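Worksheet for the structure shown next.
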Amino acid sequence: MTPPRDPAWQGRVFWSVACLLLLWPLIVATEFRPAVLFDPDSLRVTGRFLAGFLPPKVDPAFLAEVARETWRTVAIATAGMALAMVLAVPLTLMSARVLSLSALSGRMARGPFWLRQGVRTLLIVLRSIPELVWALVFVRVVGLGPTAGVLAIALTYGGMLGKVYSEILDSGETGPTQALLRNGGGRLQGFFYGLLPQNSAELTSYTVYRWECAIRSSVVLGFVGAGGLGQQIDSAMKMFNGGEVATLLMVFVALVALADRVSAWLRAWLG
Amino acid sequence: MKLELQGASVRHPAARPGGAPALHPLSLSVAAGEAVAIIGPSGAGKTTLLELLACALRPEAGQLMLDGVDPWSLPRSGLQRLRGQLFLAPQVPPLPPRQRVVTAVLAGRLPGWSLATSLRSLAYPTDTTAAREALARFDLADKLFERVDRLAGGERQRVGLARALLAPARLWLVDEPLSALDPRRAAQATAALVDEARVRGITLVATLHQVDMALAHFPRIVGLRDGAVAFDLPPAEVTPALLEQLYAERDNLPAPEQPWSPPGLPIAATCR
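Put into structure tokens, the structure is as follows:
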């Protein structure tokens, strides 16, 4: 007797081949030519650029300035994230499908449905405009300095957090929350007694990861005058001061590693 | 709370159009303070019936009346207030794993609480005494400050039942409350539910797989098969022959009923 054939096999093969074929135009469009990387000329130029990074600059006056700017970068990222959460949490509560009372029994009513679509559109607009563009706008409004960076991060990251928060809430186990709503609980009660304990680890982990991204993105914002370590890197690059760039990059590695530890620790604590 | 189902039929929202409904037109009335056990084979529609009574599913045809009011004629806020007067305990206890038992039990109070009170109770539990007493009815008083994910399956199920004791409800709808309990705990939990419901004058409708528990503790037994009431009798009149018929394999039935369609309704023509 032949073993039963997996009926999904042909579809799996077809889609794998189709995806590989679809990748071809992408390779052409991005001028993907790995050989360039090993061309002796480009290797020499790259080597000279990287050699300039050594040794990292470690004189006390510079380190003190780096420490000050690091603190400012952390402050920009944290303040930006805090504002982003203030923006994202109400939008999440409005757009999460699991908190819909009318969707408890069948289809969502028309009013709440269009409200959700509206909130989603707002989130798309917020996050589709890069923080760099928001920063260029705010530099003109509030002048050069960290405030422009904070506001730029708040708007773009508010859009990202709102989208991902509501997707985390909708894709997690919804039974406990629905039981509360079905027994007459309110939407916010359902959130605090059902959704939040259910999804706290995922929400925390994503928030800390976004804080890490905010630190990185504050570099780019520093290039347009939003302050912090980014501005330092920008001026060090312009002065061809590789040693300073190397020190600043090491600070970034340390900050990202710190975020990684904090996230792991928080998730362990939340179980 | 008085229950009245008049020819109500239900189709699950996710069911295929044209498929057999989960419940055929079904009529059932339960007086205020009555305790009813619903028994029947898997897939008979027991859970669907409870969800229908809990206003979680809307009847496709027919009517549900709770204390003489059609809940689906109420505005959404009125329906939600009415849902606060009933308590549906699903078979899988709906407890977030990271929540503590005390919070999970006190969540039964939510329909009667303002948002401010609910948040204050998260900072410091408002009525730990009531929570402990409710847990004590199910022999779990020592688990008050444990986390839900540290409990065994049977303990979780009893925490879900203890929540009912704190709900400001006049109707308890309990789905398979004993599925994870050993025989001794099952008897204790059933007795606790039935006693508390009687003392408080709460209407109790429970689905059960343990026929002996149903017969021993409930004054009224409803047998459900293929989405229709097979019998509705006091336990003394539920004979072994009736039970055998209720749980019989489909093939052994005298009259096969494959292409069943509700009488009087045209067969829906579906294009697929």
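Chains S and Z, in that order, are what the protein sequence lines are. Going by my numbering, the first residue of the first sequence is number -18, and it counts up by one from there. Going by my numbering, the first residue of the second sequence is number 992, and it counts up by one from there. Each residue gets a CB set at the ideal place from its N, CA and C atoms; glycine is no exception. Quick caveat, the model's predicted, so the values are computed rather than measured.
Would you mind telling me which residues of chain S sit closer than 7 angstroms to residue i, beta carbon to beta carbon, in chain order?
i	result
residue 1090 (chain Z)	178
residue 1047 (chain Z)	85, 86 and 163
residue 1102 (chain Z)	164, 165 and 166
residue 1113 (chain Z)	173
residue 1078 (chain Z)	164
residue 1098 (chain Z)	161 and 174
Since residue i sits in a beta bridge, which residues does DSSP pair it with?
i	result
residue 1198 (chain Z)	Z:1029 and Z:1166
residue 1228 (chain Z)	DSSP, once it has assigned bridges, lists no residue as partnering residue 1228 (chain Z).
residue 1080 (chain Z)	Z:1165
residue 1214 (chain Z)	Z:1030 and Z:1222
residue 995 (chain Z)	Z:1020 and Z:1056
residue 197 (chain S)	In DSSP, residue 197 (chain S) forms no bridge with anything.
residue 1138 (chain Z)	Z:1091
residue 1001 (chain Z)	Z:1014
Measuring straight from C-alpha to C-alpha, what distance separates residue i and residue j?
i	j	result
residue 173 (chain S)	residue 1096 (chain Z)	14 angstroms
residue 1160 (chain Z)	residue 1075 (chain Z)	7 angstroms
residue 1166 (chain Z)	residue 1204 (chain Z)	14 angstroms
residue -2 (chain S)	residue 13 (chain S)	20 angstroms
residue 72 (chain S)	residue 108 (chain S)	13 angstroms
residue 0 (chain S)	residue 9 (chain S)	15 angstroms
residue 1185 (chain Z)	residue 170 (chain S)	29 angstroms
residue 74 (chain S)	residue 1003 (chain Z)	27 angstroms
residue 251 (chain S)	residue 89 (chain S)	33 angstroms
residue 189 (chain S)	residue 1098 (chain Z)	29 angstroms
residue 200 (chain S)	residue -10 (chain S)	47 angstroms
residue 234 (chain S)	residue 220 (chain S)	22 angstroms
residue 1112 (chain Z)	residue 239 (chain S)	34 angstroms
residue 241 (chain S)	residue 197 (chain S)	14 angstroms
residue -8 (chain S)	residue 6 (chain S)	23 angstroms
residue 163 (chain S)	residue 85 (chain S)	7 angstroms
residue 1225 (chain Z)	residue 1208 (chain Z)	11 angstroms
residue 1017 (chain Z)	residue 1220 (chain Z)	7 angstroms
residue 1130 (chain Z)	residue 1117 (chain Z)	21 angstroms
residue 1213 (chain Z)	residue 1231 (chain Z)	14 angstroms
residue 1083 (chain Z)	residue 127 (chain S)	51 angstroms
residue 191 (chain S)	residue 138 (chain S)	8 angstroms
residue 136 (chain S)	residue 1175 (chain Z)	59 angstroms
Just checking my contact of residue i with residue j at CB under 8 angstroms: how many whole Å lie between their CB atoms?
i	j	result
residue 1045 (chain Z)	residue 1211 (chain Z)	Their Cβ separation, rounded to whole angstroms, is 19 angstroms, which puts residue 1045 (chain Z) and residue 1211 (chain Z) out of contact at 8 angstroms.
residue 1080 (chain Z)	residue 1144 (chain Z)	With 8 angstroms as the limit, residue 1080 (chain Z) and residue 1144 (chain Z) do not qualify as a contact, their Cβ atoms being about 15 angstroms apart.
residue 214 (chain S)	residue 183 (chain S)	Rounded, the Cβ-Cβ distance is 33 angstroms, inconsistent with contact.
residue 998 (chain Z)	residue 1052 (chain Z)	7 angstroms
residue 1061 (chain Z)	residue 1055 (chain Z)	7 angstroms
residue 65 (chain S)	residue 142 (chain S)	5 angstroms
residue 212 (chain S)	residue 203 (chain S)	4 angstroms
residue 1028 (chain Z)	residue 1199 (chain Z)	5 angstroms
residue 1101 (chain Z)	residue 161 (chain S)	6 angstroms
residue 69 (chain S)	residue 187 (chain S)	No, residue 69 (chain S) and residue 187 (chain S) are not in contact; Cβ-Cβ is about 11 angstroms, not under 8 angstroms.
residue 83 (chain S)	residue 101 (chain S)	That belief does not hold up - the Cβ atoms of residue 83 (chain S) and residue 101 (chain S) are roughly 17 angstroms apart, past 8 angstroms.
residue 1065 (chain Z)	residue 1077 (chain Z)	Incorrect: roughly 13 angstroms between the Cβ atoms, too far for contact.
residue 130 (chain S)	residue 209 (chain S)	7 angstroms
residue 1138 (chain Z)	residue 1089 (chain Z)	7 angstroms
Name, please, each residue of chain Z whose Cβ falls closer than 7 angstroms to the Cβ of residue i.
i	result
residue 170 (chain S)	1101, 1106 and 1109
residue 157 (chain S)	1085, 1086 and 1087
residue 251 (chain S)	1089
residue 181 (chain S)	1089
Assign residue i to buried or exposed, taking buried as 16 or more other Cβ atoms, counted over all protein chains shown, within 10 Å of its Cβ.
i	result
residue 1196 (chain Z)	buried
residue 246 (chain S)	exposed
residue 158 (chain S)	buried
residue 1155 (chain Z)	buried
residue 36 (chain S)	exposed
residue 1163 (chain Z)	buried
residue 27 (chain S)	exposed
residue 98 (chain S)	exposed
residue 1181 (chain Z)	buried
residue 79 (chain S)	buried
residue 1042 (chain Z)	buried
Please list the partners that residue i has in chain S, where partner means a Cβ-to-Cβ separation under 9 angstroms.
i	result
residue 1075 (chain Z)	164, 165 and 166
residue 1072 (chain Z)	165
residue 1158 (chain Z)	164 and 165
residue 1062 (chain Z)	Near residue 1062 (chain Z) there are no residues of chain S at all, since even the closest Cβ is about 10 angstroms away, more than 9 angstroms.
residue 1121 (chain Z)	Chain S residues near residue 1121 (chain Z): none, gap ~16 angstroms exceeds 9 angstroms.
Give the interface partners of residue i over in chain S, defined as CB-CB distance under 8 angstroms, in chain order.
i	result
residue 1067 (chain Z)	82, 83 and 90
residue 1094 (chain Z)	174 and 178
residue 1168 (chain Z)	Ordered by position in chain S, no residue passes the 8 angstroms Cβ test against residue 1168 (chain Z), which lies about 14 angstroms from the chain.
residue 1081 (chain Z)	156 and 160
Along chain Z, which residues have their Cβ under 9 angstroms away from the Cβ of residue i?
i	result
residue 135 (chain S)	Simply none; closest approach about 25 angstroms.
Is there at least one non-hydrogen atom of the ligand HEM closer than 6 angstroms to the beta-carbon of residue i?
i	result
residue 49 (chain S)	This structure lacks the ligand HEM; in fact it carries no ligand of any kind.
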